Amino acid sequence: MRSLTDVYDLSVEETKELCEKALDIINAPEKYRDACKYKKLAAVFFEPSTRTRLSFEAAMLDLGGSVLSVSDEKSSSAAKGESLSDTARMLSLYADVIAMRHPREGAAIVAANAASVPIITAGDGGHAHPTQTLTDLLTIYREKGKLEGLKIGVCGDLLYGRTAHSLIRAMSRYEGVSFVLISPRELRLPDYIRRDVSCVETESLDEALPQLDVLYMTRIQRERFRDAQSYERLKDSYILTESKMRRAKKDCIIMHPLPRVNEISVDVDRDPRAAYFRQAGNGKFIRMALILKLLGDSSEKKELHGEKGAFICKNSRCITRTEQELPREYKTDAHGVLRCFYCDAEIK
Ligand code: NCD
0 MRSLTDVYDL SVEETKELCE KALDIINAPE KYRDACKYKK LAAVFFEPST RTRLSFEAAM
60 LDLGGSVLSV SDEKSSSAAK GESLSDTARM LSLYADVIAM RHPREGAAIV AANAASVPII
120 TAGDGGHAHP TQTLTDLLTI YREKGKLEGL KIGVCGDLLY GRTAHSLIRA MSRYEGVSFV
180 LISPRELRLP DYIRRDVSCV ETESLDEALP QLDVLYMTRI QRERFRDAQS YERLKDSYIL
240 TESKMRRAKK DCIIMHPLPR VNEISVDVDR DPRAAYFRQA GNGKFIRMAL ILKLLGDSSE
300 KKELHGEKGA FICKNSRCIT RTEQELPREY KTDAHGVLRC FYCDAEIK
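Numbering that gives the first Met the number 0 numbers the first residue of the sequence shown as 0 and each following residue consecutively.
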């Protein structure tokens, strides 16, 4: 039994196999119509979602399985103070696989350790969102025919944008991929990711645009800001318009995990390079491939643990701040920096 808590839980080879499987599903969906008959997916979302939850549900239904759903934390026992571990343990009694979105960073690890069926994280706070990344990789593969040798611009809220975090980490494993990180200074990519990838940083989308093979736009994540004023100041930092698109390469694709707020003007939608709605469609197929893989995996459950230590994680959004009796655990990164095992925040 395996869970997916991070893009690196899948090797490059396994990620490629998932993309191939998704392409096979796209070409011959009838082959998979009963593949998960009598299996149940619990889609448990403690933060808003349209695409991710519904594409997980549609994926399971198209595999012949069924779906149990929680779409609002307030309607579940989490609102009564139930711990995440207890929720995950209990959900395992009703479902064969669990897709879970949670506002706390590192929640995916806690849920995976407690559950006795595979947990698939569908996003944990501003930290990570590996199934969006699988969707993104399938999209790049379908649109560009390859994952290697691409210059990828990632633009917007790179500090809190979990999709950007997972995408950059995943794509950095492919030969010849480099990144142009386009963000306001206040919203730069966290250094635990930036230090390990080949990238340049800029605040100018206009300057970056002509060099890019892929432009990945992201929304400024209003719900993660501590103060409304900073959000108001930064919210319109980047707006991609039809006239700006004249500076982009003829075969540069525009991606966005959606929802968009203001960062891509609707006039860009008619540009054939606008791939974001095709990208959203790919989400169902790659999630079908992932559900099949995890349900077909008969390996033993492996718990995820770091080194135990006495510290308080300074990230106020970390799961260790709220989960009952969770041991504090850390890891040492490739640069010798100590980090919270759950949320990756530096321990000082
Ligand atoms: C993203 C998310 O939830 O992180 N949406 C999605 O899953 N497609 C992006 C966002 O909310 O900005």
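Just so it is clear, CB atoms sit at the ideal spot from N, CA and C, and this is done for glycine as well.
This one's a predicted model, so the numbers in the text were calculated from it and none came from an experiment.
| message | One question on the structure: do residue 96 and residue 325 come within less than 8 Å of each other, judged by their Cβ atoms? | response | Translated into the one-based positions of the sequence shown, residue 96 becomes position 97. Translated into the one-based positions of the sequence shown, residue 325 becomes position 326. In this structure, residue 325 does not lie closer than 8 Å to residue 96 by Cβ.
| field | Unbroken beta strand (DSSP E) run spanning residue 100, endpoints | value | Residue 100 sits at position 101 when you count from the first residue of the sequence shown. Per DSSP, residue 100 belongs to the beta strand (DSSP E) from 96–101.
| said: Rounded to the nearest angstrom, what separates residue 26 and residue 19 at their Cα positions? | reply: Here the question's residue 26 lines up with position 27 in the sequence shown. Here the question's residue 19 lines up with position 20 in the sequence shown. In a straight line, the C-alpha of residue 26 is about 11 Å away from that of residue 19.
| query | For residue 54, which of 290, 165 and 260 has the nearest alpha-carbon? | reply | Locating residue 54 in the sequence shown gives position 55, counting from the first residue. Taking only the C-alpha atoms, the option nearest residue 54 is 290.
| request: Using 10 angstroms around the beta-carbon of residue 310, count the other beta-carbons present and answer buried if the total reaches 16, otherwise exposed. | output: Taking the sequence shown and counting its residues from 1, one reaches residue 310 at position 311. Exposed.
| Along the chain, where does the beta strand (DSSP E) that runs through residue 123 open and close? | Indexing the sequence shown from 1 puts residue 123 at position 124. First-last of the beta strand (DSSP E) with residue 123: 118–123.
| message | Can you tell me whether residue 322 is buried or exposed? The criterion is at least 16 other CB atoms within 10 Å of its CB, across all chains shown. | response | Indexing the sequence shown from 1 puts residue 322 at position 323. Label assigned to residue 322: buried.
| query | Which term fits residue 14, buried or exposed, when burial requires 16 or more other beta carbons within 10 angstroms of its beta carbon? | reply | On the sequence shown, residue 14 is found 15 positions in, with the first residue counted as 1. Per the 10 Å Cβ criterion, buried.
| In or out: residue 283 buried (at least 16 other Cβ within 10 Å) or exposed? | Mapped onto the sequence shown, residue 283 falls at position 284. Buried, since its Cβ has 16 or more Cβ neighbours within 10 Å.
| field | Proximity to residue 36 [Cα-Cα], best of 76, 94 and 334 | value | Taking the sequence shown and counting its residues from 1, one reaches residue 36 at position 37. Out of 76, 94 and 334, 94 has the C-alpha closest to the C-alpha of residue 36.
| Residues that residue 201 bridges to, as DSSP identifies them | As a working note, residue 201 is residue 202 in the sequence shown. Bridge partners of residue 201: 181.
| said: Would you call the segment 130–140 in contact with the segment 238–248, where contact means no fewer than 3 C-beta pairs closer than 8 Å? | reply: no
| request: Identify every run of the beta strand (DSSP E) within the segment 240–312, keeping only runs that are complete inside it and at least 3 residues long; order them along the chain. | output: 252–254
| said: Going by the DSSP bridge assignment, what does residue 88 pair with across the sheet? | reply: Taking the first residue of the sequence shown as 1, we reach residue 88 at position 89. Answer by DSSP bridge pairing: none, since residue 88 is not bridged.
| Do you know offhand how far residue 164's Cα is from residue 177's? | Along the sequence shown, one-based indexing puts residue 164 at 165. Along the sequence shown, one-based indexing puts residue 177 at 178. Using only the alpha carbons, I get a separation of about 14 Å.
| query | In angstroms, rounded to a whole number, what distance separates the CA positions of residue 186 and residue 236? | reply | Numbered from its first residue, the sequence shown carries residue 186 at position 187. Numbered from its first residue, the sequence shown carries residue 236 at position 237. Distance between the alpha carbons of residue 186 and residue 236: 11 Å.
| said: I'd like the list of long-range same chain contacts for residue 58, defined as Cβ closer than 7 Å, with 5 residues on each side in sequence excluded. | reply: Counting from one through the sequence shown, the residue named residue 58 turns up at place 59. Excluding sequence neighbours, residue 58 sits near 283, 286, 287 and 290.
| field | Which of helix, strand or coil DSSP assigns to residue 348 | value | This structure cannot speak to residue 348, because the chain is shown only from 0 to 347.
| Is there at least one non-hydrogen atom of the ligand NCD closer than 7 Å to the beta-carbon of residue 217? | Residue numbering aside, residue 217 sits at position 218 when the sequence shown is read from its first letter. Yes.
| field | Length-filtered (3 minimum) beta strand (DSSP E) runs lying within the segment 6–67 | value | 39–44
| With which residues is residue 329 paired in a DSSP beta bridge? | Counting from 1 along the sequence shown, the entry for residue 329 is found at position 330. The partner list for residue 329 (beta bridge, DSSP) reads 306 and 339.
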